[in-house]
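Chains as they are written, first to last, in the working numbering: chain A, 1 to 580; chain B, 1 to 80.
The next block holds one structure in the form of structure tokens; read it before the comments.
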Amino acid sequence: MSDKIYRVNMSNLSFKIEDVPQDWMGLGGRGLTSTIVAAEVDPECHPLGPNNKMVFAPGLLSGTSAANSGRNSLGAKSPLTGGIKESNVGGTIAGVMAKLGVKALIIEGMPEDDSTFYHIHVTKEHIEIERVPELVGKDNYFVLDSMLEKYDKKVAVMSIGRPGEMKMLISNISVKDPKGKLRSHGRGGLGAVMGSKKIKCITVDAEKFNEASASIVDMEKFKAASKVFTKALKDNPISGEGLPAFGTNVLVNIINEAGGLPTRNFRSGYSDNAENICGETMAENIKARGGSTTHGCHAGCVIQCSQTYNDKEGKYLTSGFEYEMIWAFGANLGIRDLDQIAKIDALMDDLGLDAIETGVTLGLAVDAGLIEFGDGDRAYEILKYEVSKGTHLGRIIGSGAGNLGKLYGLVRVPVVKNQSIPAYEPRAIKGQGVTYVTTPMGADHTAGYAVATNILNSGGHVDPLKKEGQVELARNLQIASAAVDSTGMCIFVAFPALDEPACLPALIDMINARFGTTLSIDDVMNLGKTILKTEHEFNLNAGLTKHDDRIPEFMKYEALPPHNVTWDFTNEEIDAFWDF
Amino acid sequence: MAELMEITVKLFAQYREGRFKSQQRQYPKGSTAQHILEDVGIDKEKLPVGVLMVNGRHVEEDFVLEDGQIFTIFPKVGGG
Chain A
1 MSDKIYRVNM
11 SNLSFKIEDV
21 PQDWMGLGGR
31 GLTSTIVAAE
41 VDPECHPLGP
51 NNKMVFAPGL
61 LSGTSAANSG
71 RNSLGAKSPL
81 TGGIKESNVG
91 GTIAGVMAKL
101 GVKALIIEGM
111 PEDDSTFYHI
121 HVTKEHIEIE
131 RVPELVGKDN
141 YFVLDSMLEK
151 YDKKVAVMSI
161 GRPGEMKMLI
171 SNISVKDPKG
181 KLRSHGRGGL
191 GAVMGSKKIK
201 CITVDAEKFN
211 EASASIVDME
221 KFKAASKVFT
231 KALKDNPISG
241 EGLPAFGTNV
251 LVNIINEAGG
261 LPTRNFRSGY
271 SDNAENICGE
281 TMAENIKARG
291 GSTTHGCHAG
301 CVIQCSQTYN
311 DKEGKYLTSG
321 FEYEMIWAFG
331 ANLGIRDLDQ
341 IAKIDALMDD
351 LGLDAIETGV
361 TLGLAVDAGL
371 IEFGDGDRAY
381 EILKYEVSKG
391 THLGRIIGSG
401 AGNLGKLYGL
411 VRVPVVKNQS
421 IPAYEPRAIK
431 GQGVTYVTTP
441 MGADHTAGYA
451 VATNILNSGG
461 HVDPLKKEGQ
471 VELARNLQIA
481 SAAVDSTGMC
491 IFVAFPALDE
501 PACLPALIDM
511 INARFGTTLS
521 IDDVMNLGKT
531 ILKTEHEFNL
541 NAGLTKHDDR
551 IPEFMKYEAL
561 PPHNVTWDFT
571 NEEIDAFWDF
Chain B
1 MAELMEITVK
11 LFAQYREGRF
21 KSQQRQYPKG
31 STAQHILEDV
41 GIDKEKLPVG
51 VLMVNGRHVE
61 EDFVLEDGQI
71 FTIFPKVGGG
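This is the structure:
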């Protein structure tokens with residue numbers, strides 16, 4: 001069965017199923033979404049207007065039995081950054097689309113009649129587009145439950161809550177996970193793009209394809225490579241032990257001890273709140289209260305870094321309770337009660353809000369006088385009663401950190417390309433800072449995770465407080481990440497890949513076995529380079545310049561405790577990133 | 001008897017199991033990171049050491065500590 005491009009035009013509510021053009025055959029995930037966005041979206045278009053497109057694409061290995069291959073990419077022009085965006089998610093969508101033979105789902109246009117929202121249901125060779133007035137004004141779990149009533153329980157579901165309907169820049173697209181909870185196509189305000197196209201939810205039929213696998217040319221070779229790959233993931237102390245035991249939140253303590261945990265709106269790199277919110281405390285709570293420290297965000301995950309988190313009475317509070325969320329509300333906004341952060345996390349899943357953008361915006365809202373550090377009750381109320389309803393205050397918070405900073409005349413505004421900086425201080429983890437300023441995505445930790453080598457001693461060690469070697473490190477990691485994001489692999493395969501020689505060749509062998517190709521490591525790295533350059537060129541054509549590849553100015557003159565470091569790169573040093 | 005120094009030793013992740021989170025401990029002057037690892041019973045065979053820091057700066061096992069420093073010990077951890 002050959003894969004197809006599924007294309008929906010919301011302007012006239014029609015669809016087409018197309019053959020895959022030759023040039024796109026060898027692409028998947030981010031490689032495909034960025035290629036299609038660059039080819040078909042006018043870089044100067046308004047991201048919330050009729051000429052932006054949403055491109056969903058499973059990775060090259062999604063839908064196969066390869067471990068950790070269930071990641072999906074979504075590409076579009078971002079209304080938050082004004083540049084290209086690739087957002088990567090777990091959940092069940094990638095596997096289901098790949099098994100159905102959907103190489104990419106492209107959604108273009110927007111309805112002239114914007115009085116209601118639509119539901120798009122993708123089945124084999126057919127797409128239904130119907131009005132769903134009954135879902136308007138509802139949030140993600142209501143939509144998810146409605147879809148599970150209507151279809152087989154394995155149906156893949158993506159939806160937006162009220163903030164997405166209102167085209168808020170802190171809104172995500174929520175994606176059903178294997179346990180019926182939610183993951184997010186996060187960052188860049190992509191929920192707003194879906195809202196602008198008047199799409200409330202997208203479902204993909206899994207009923208007839210439950211047991212099928214995406215096609216594989218050489219099954220024997222695939223199985224052999226898959227075995228080596230899975231073993232590398234399981235034997236690695238990070239992916240095999242640390243992540244399953246403590247989750248991504250294990251990072252709170254190590255980043256804090258290194259003086260790189262952004263605290264009270266990026267005033268310090270050290271928080272006295274770490275012990276209350278860290279992964280060790282979270283794991284203790286889970287043990288004492290029931291719940292589970294291991295949960296895979298997608299089928300076939302052998303790392304199982306996610307979790308189910310209960311309250312003191314043993315009642316379910318949230319799942320997918322990740323480091324970035326806990327940092328943003330714990331260290332940066334100063335909430336000391338992990339359970340209160342969990343309650344906010346569950347609310348944000350339901351509303352479809354981006355953990356990083358929302359948390360950083362609320363941290364900045366302290367400086368604007370709208371909330372106080374540590375006031376979890378107020379943070380919850382603002383999201384539940386202001387943001388969800390689109391009150392004036394809700395709209396201000398909903399517009400993200402960069403815009404809030406402008407409205408209130410603030411200077412300490414931690415954004416790059418108008419997108420909030422995540423949970424690693426660029427002044428104290430300089431390699432990560434280089435990724436923030438250079439990636440075409442706006443401040444994004446997943447684009448090139450230099451924390452691995454600056455702090456975690458994965459792939460060697462480069463001193464986090466010094467400039468030497470950081471630009472090269474960030475470049476190499478961004479190239480590798482762009483390639484990995486095209487395979488459908490979870491980015492955490494990077495930990496074994498950085499330290500275990502058998503891991504990366506096995507990954508490439510699986511791709512070759514699936515498609516009957518003879519790609520080498522160099523070919524795959526070249527793919528990463530091409531993707532980065534394609535994205536960069538889109539941004540330049542969208543009006544971004546090298547002057548947007550810059551850290552917020554306050555980081556150049558405010559020394560960050562405890563190491564009292566500033567951002568000290570010259571513009572020339574940063575611009576040299578693109579010399580490849 | 002050798003002169004003693006005060007070191008705050010902090011343990012994280014699996015290293016806390018059956019041990020402690022943070023303790024003030026006394027060591028002979030001139031003690032190395034390796035000496036303290038052995039003293040608190042870190043078995044590198046069982047669970048490899050990931051990161052050692054003194055006062056928030058990465059160090060190697062042969063690093064010689066000084067009085068009043070904070071020594072943190074992590075197994076291999078990652079996330080993101």
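A virtual CB, placed ideally from N, CA and C, is assigned to each residue, including glycine.
Only a predicted model underlies this, so the values are computations on that prediction, with no experimental measurement involved.
ask   = Which ranges would you report for the beta strand (DSSP E) in the segment 87-128 of chain A if only whole runs of at least 3 residues count?
value = 102-108 and 118-123
message = So the candidates are A:A342, A:G300 and A:Y270; which of them puts its Cα closest to the Cα of I286 of chain A?
response = A:A342
request  = Could you list which residues in chain B have their beta carbon closer than 9 Å to that of S458 of chain A, in chain order?
outcome  = G50, K76 and G78
key: 8 Å Cβ cut-off: residues of chain B touching P237 of chain A   = L47, P48, G50, P75 and K76
Cβ pair V434 of chain A, A576 of chain A closer than 8 Å = no
inquiry  = Quick check on M53 of chain B - is its C-beta less than 8 Å from some C-beta in chain A?
reply    = yes
query = If I70 of chain B and V54 of chain B are in contact, beta carbons under 8 Å, what's the gap, nearest whole angstrom?
reply = 7 Å
K315 of chain A burial status per 10 Å Cβ neighbour count (16 or more: buried) = exposed
ask   = Using CA coordinates, which residue listed in A:P422, A:V132 and A:S34 is at the minimum distance from K529 of chain A?
value = A:S34
query = With 16 as the cutoff for other CB atoms within 10 Å, does F580 of chain A come out buried or exposed?
reply = exposed
key: Proximity below 8 Å, CB of V132 of chain A to CB of H119 of chain A   = yes
task = Determine, using beta carbons only, whether G18 of chain B comes closer than 8 Å to chain A.
result = no
query = Of the residues that make up the segment 202-232 of chain A, which ones have a beta carbon closer than 7 Å to any beta carbon in chain B?
reply = none
message = Just to confirm before moving on: does the CB-CB distance between A192 of chain A and L169 of chain A stay below 8 Å?
response = yes
message = What does DSSP give as the partner residue(s) for V9 of chain B in the beta ladder?
response = B:Q23 and B:F71
message = Contact defined as beta carbons within less than 8 Å: I believe I531 of chain A pairs with A482 of chain A. What is the distance between those atoms, to the nearest angstrom?
response = 4 Å
query = Can you tell me the Cα-Cα spacing of C301 of chain A and P28 of chain B, whole angstroms?
reply = 47 Å
Residue nearest to A76 of chain A in terms of C-alpha spacing, selected from A:S115, A:I129 and A:G186 = A:G186
query = Among A:I216, A:Q307, A:R267 and A:N265, which has the Cα closest to the Cα of G247 of chain A?
reply = A:Q307
query = So with Cβ pairs under 8 Å, would you call T8 of chain B a contact of chain A?
reply = no
key: 7 Å CB neighbourhood of V20 of chain A in its chain, flanking five on each side removed   = D3, K4, I5 and K103
Nonlocal neighbours in the same chain, by C-beta distance under 8 Å from M282 of chain A, ignoring five residues either side = F246, G247, N249, Q307, Y309, F321, I326 and L338
task = Can you pull the chain B residues whose beta carbon is under 8 Å from the beta carbon of G82 of chain A, in chain order?
result = Simply none; closest approach about 25 Å.
ask   = Does the beta carbon of G68 of chain B sit closer than 8 Å to a beta carbon anywhere in chain A?
value = no
request  = Could you check the C-alpha separation between A379 of chain A and Q340 of chain A for me, to the nearest Å?
outcome  = 10 Å
query = Under 7 Å from any heavy atom of the ligand NAP, does the C-beta of N564 of chain A make it?
reply = Here there are no bound small molecules, and the ligand NAP is not part of this structure.
task = Determine the direct distance from the alpha carbon of K417 of chain A to that of G82 of chain A, and round the result to whole angstroms.
result = 8 Å
message = Using a Cβ-Cβ cutoff of less than 6 Å, which residues in the same chain neighbour K10 of chain B once the five nearest sequence positions on both sides are dropped?
response = S22 and T72
ask   = Roughly how many angstroms separate the alpha carbons of D139 of chain A and G90 of chain A, rounded to a whole number?
value = 20 Å
ask   = Can you name the residues that DSSP bridges to Q419 of chain A?
value = A:V416
inquiry  = Using a 10 Å radius around the Cβ and a threshold of 16 neighbouring Cβ atoms, would you call F492 of chain A buried or exposed?
reply    = buried
message = What does DSSP give as the partner residue(s) for G75 of chain A in the beta ladder?
response = A:V55 and A:E86
ask   = Given T446 of chain A, which residues of its chain have a CB within under 6 Å of its CB, disregarding the five upstream and five downstream residues?
value = I491
message = Helix, strand or coil, according to DSSP, for S319 of chain A in the structure here?
response = strand
ask   = What residue does the beta strand (DSSP E) around E18 of chain A start on, and which one ends it?
value = S14 to D19
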